[in-house]
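Student: Okay, handing you the structure first.
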Amino acid sequence: MTTKPFQLKLAVMIAGIACALVYSNVLYIAAVFFINAWIDFSYSRKKRNTDK
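All residue numbers for the sequence shown refer to my numbering, where the first residue is -17 and numbers rise by one.
Here it is in structure tokens:
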């Protein structure tokens, strides 16, 4: 079973928003954006390497 980056990003987003609501801290939402960008970057790099 391969996890698609979309599913991973969705899970990260839900967890980040939940933490932001529980701890009422906006930094969690900023962390979600950074993690999602990192997922995009690492996934696209992995995809490029397998295309070769």
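Glycine included, every Cβ here is placed at the ideal spot set by N, Cα and C.
Would Val14 be called buried (16 or more neighbouring beta carbons within 10 Å of its own) or exposed?
Tutor: Buried.
Student: Please work out which residues of its chain come closer than 8 Å, Cβ to Cβ, to Val(-6), disregarding the five sequence neighbours upstream and downstream, and give them in chain order.
Tutor: Only Val14, Ile17, Asn18 and Ile21 meet the Cβ criterion.
Student: Rounded to the nearest angstrom, what separates Cys1 and Leu(-8) at their Cα positions?
Tutor: Approximately 14 Å, taken between the alpha carbons.
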